[in-house]
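By the count of the UniProt record's numbering, the sequence shown reaches residue 489 at its end, each step adding exactly one.
Where is the CB? At the ideal position from N, CA and C, for every residue including glycine.
Only a predicted model underlies this, so the values are computations on that prediction, with no experimental measurement involved.
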Amino acid sequence: MVGGPFALPLPVWRQATSAQRADSRKRKRREGTLPEDNSSQDDEPLTPSALPSDSINPRSHSPDTLRQFAVAGLSPDEEVPSKLYPRFPHRSLPSGWQTGEVPRRRRSRSRTSGVTSESEAEGAETDGETVRRLTKNGRGELMSSHADIFKHMSTLMAILHRCIHEGDMRRAKRAFGLLLGTRHVDVRLNDMWTLGTEILMRDGETNKRQQARSSEASTDHSHTDGDGPDAANGDARPPPPARWGSADNMQKVRDYIETLAQHHPYDVHFTRSVSAVDFWPALYNIEIYNVDAEHRRALHRLEDSAALEDEDDGNDEFDMPYDDQYPDGDGDGDYEARLERRSQQREAVRARKQCAARDEIQNETRVAAQQIAERMDNLMMAVPYTTHVELLRLRGMLSLFIGDLQLPTRLLHRCNLIGYTTSELRLTTLKERVRNQVQSQEDWEAVWRWESEVDKAKLQFEKLAEKGIRLEPWLAKYLEPDEDVDTSR
Numbered sequence: 001m002v003g004g005p006f007a008l009p010l011p012v013w014r015q016a017t018s019a020q021r022a023d024s025r026k027r028k029r030r031e032g033t034l035p036e037d038n039s040s041q042d043d044e045p046l047t048p049s050a051l052p053s054d055s056i057n058p059r060s061h062s063p064d065t066l067r068q069f070a071v072a073g074l075s076p077d078e079e080v081p082s083k084l085y086p087r088f089p090h091r092s093l094p095s096g097w098q099t100g101e102v103p104r105r106r107r108s109r110s111r112t113s114g115v116t117s118e119s120e121a122e123g124a125e126t127d128g129e130t131v132r133r134l135t136k137n138g139r140g141e142l143m144s145s146h147a148d149i150f151k152h153m154s155t156l157m158a159i160l161h162r163c164i165h166e167g168d169m170r171r172a173k174r175a176f177g178l179l180l181g182t183r184h185v186d187v188r189l190n191d192m193w194t195l196g197t198e199i200l201m202r203d204g205e206t207n208k209r210q211q212a213r214s215s216e217a218s219t220d221h222s223h224t225d226g227d228g229p230d231a232a233n234g235d236a237r238p239p240p241p242a243r244w245g246s247a248d249n250m251q252k253v254r255d256y257i258e259t260l261a262q263h264h265p266y267d268v269h270f271t272r273s274v275s276a277v278d279f280w281p282a283l284y285n286i287e288i289y290n291v292d293a294e295h296r297r298a299l300h301r302l303e304d305s306a307a308l309e310d311e312d313d314g315n316d317e318f319d320m321p322y323d324d325q326y327p328d329g330d331g332d333g334d335y336e337a338r339l340e341r342r343s344q345q346r347e348a349v350r351a352r353k354q355c356a357a358r359d360e361i362q363n364e365t366r367v368a369a370q371q372i373a374e375r376m377d378n379l380m381m382a383v384p385y386t387t388h389v390e391l392l393r394l395r396g397m398l399s400l401f402i403g404d405l406q407l408p409t410r411l412l413h414r415c416n417l418i419g420y421t422t423s424e425l426r427l428t429t430l431k432e433r434v435r436n437q438v439q440s441q442e443d444w445e446a447v448w449r450w451e452s453e454v455d456k457a458k459l460q461f462e463k464l465a466e467k468g469i470r471l472e473p474w475l476a477k478y479l480e481p482d483e484d485v486d487t488s489r
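Next up, the structure:
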């Protein structure tokens, strides 16, 4: 079923309920306006026959019908139920059928009333409509209640999309909860489950209007207290990389999608139905994105702190004692040399600290990524996840990401690869550049782990190529045969 963004997450058979009942009502109305020459058909009694009890088969039922009557507990002088109640036995008998207290059809009412004028006909039709609403176990009221429910659900869907668009996650969460509280909603239809994922991931965001007001207030405050726009922006630092959602909400998203996968497992007989095959790739996609986003933001914070240290160290030269600056009374040559040596030592210490801090961030990110990879490997051992296209692609890209995190910062500095990813260079060229800068056994072990992850990624991409999937150019290069690279070190 194809629906728009505001389509209700309802199955087709439930959406067509009101239309089917309206069509049934029109058909009854057409039957009720039949001409009077069909009155002979309405003379059939709606109650059991009052013939004498000593009559033998007064209605001339066939032997087969009499046997069925005996099983059903009916007497031979009764009429066949399917003649009295249309669509029986596919429709249940009305209440009061055993006692005969069943309302007659509208055409018998109109026939006995002798309607002649147009106004009387309108009144009779209104009465018939009232009777129809009060009969058939309240089917008219049921139809009206379904229409009201669908109308309210459409309103809630519009509110839900509006709140998500404006970033009002608090109201969006309430609207989503109200929709899930109705028994008519199927969260798998029209990708409604993805809305729940977005609401949970973005929970806690401020409204766009609140963000605009706060930004305007901060701008006015800076212009008022500062010396001007240049002074306000002189010390401004680049903001952290933007990201979708919050890392604090990741556990809620994981629990939500895992619950969906448990309630709607994959069924080989209904391969096109939304099931765990759709939920698991979405979860791993979000988790990989979250790990990468947090890694980038951590590196940004590290660079910010390094910039602050540079500013603090800029005035260190003025903190030296006068005797240290001019030990022999001559402050021209010796002072500049000592200042240069001190600056170089400071830069070396700062570089070592930066490398150690960057390696620590990489190690934390690598551990989180490896945990995701382990869970993906366990899932992909079973069918149909073994050959799932999106999972194969995600697993290969995750291996490349883990491989990049295996290389220490000092080796990346020597290779001049800071700020690059290994996917931006030709694989053979990259391997040769990295191996030429290896200086220790620890570096060789890191390179070996990196190449091992690259081989895992190549295996996943080869499976995609065998399935006829066209890869992006930056992924297709991993399918190229490796050239001979000197490994004798």
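- The alpha-carbon separation between residue 445 and residue 272 amounts to approximately 46 Å.
- Cβ neighbours of residue 285 within its own chain (closer than 7 Å, five residues either side excluded): 394.
- Within the same chain, 88 come within 6 Å of residue 82 by CB-CB distance, once the 5 residues on both sides are set aside.
- Scanning its chain for C-beta atoms nearer than 7 Å, with the 5 sequence neighbours on each side dropped, one finds around residue 384 the residues 266 and 277, in chain order.
- Look at residue 266 here: in three-state DSSP terms it is coil, with no helix or strand label.
- When the alpha-carbon of residue 301 is set against those of 206, 154, 85 and 239, the nearest one is in 239.
- The straight-line gap separating the alpha-carbon atoms of residue 79 and residue 66 is approximately 11 Å.
- Minimum Cα-Cα distance from residue 148 among the listed residues 169, 184, 174 and 164 corresponds to 184.
- Residue state for residue 305 is assigned as helix, using DSSP reduced to three classes.
- Here the alpha carbon of residue 258 sits roughly 21 Å from the alpha carbon of residue 292.
- Here the C-alpha atom of residue 255 lies approximately 15 Å from the C-alpha atom of residue 202.
- Bounds of the alpha helix (DSSP H) holding residue 457 are 441–466.
- The Cβ atoms of residue 192 and residue 9 sit closer than 8 Å to each other.
- Residue state for residue 185 is assigned as coil, using DSSP reduced to three classes.
- A direct Cα-to-Cα measurement between residue 403 and residue 389 gives close to 21 Å.
- The alpha-carbon separation between residue 77 and residue 70 amounts to approximately 12 Å.
- With fewer than 16 other Cβ atoms from the protein chains shown falling within 10 Å of its own Cβ, residue 308 counts as exposed.
- By the criterion of at least three beta-carbon pairs nearer than 8 Å, the segment 395–414 is in contact with the segment 456–474.
- Taking the CA atoms as reference points, residue 348 sits about 57 Å from residue 175.
- Secondary structure of residue 437 (DSSP, three-state): coil.
- The three-state reading of DSSP puts residue 381 in coil, since its state is none of H, G, I, E or B.
- Residue 269 is positioned such that its CB atom lies no closer than 8 Å to that of residue 188.
- The beta carbon of residue 377 sits closer than 8 Å to the beta carbons of 395 from its chain, once the five residues preceding and following it are set aside; these are given in chain order.
- Within the model, the alpha-carbon separation for residue 454 versus residue 250 is close to 28 Å.
- Per the C-alpha coordinates, the member of 206, 90 and 86 positioned closest to residue 163 is 206.
- Sorting 7, 354 and 198 by C-alpha distance to the C-alpha of residue 413 places 354 at the top.
- Linking residue 475 to residue 451 through their CA atoms gives a straight-line distance of about 15 Å.
- Non-local beta-carbon contacts of residue 306 in its own chain, meaning distances under 8 Å to residues more than five positions away in sequence, involve 350 and 354 in chain order.
- The three-state reading of DSSP puts residue 239 in coil, since its state is none of H, G, I, E or B.
- Judged by DSSP in its simplified three-state form, residue 281 adopts helix.
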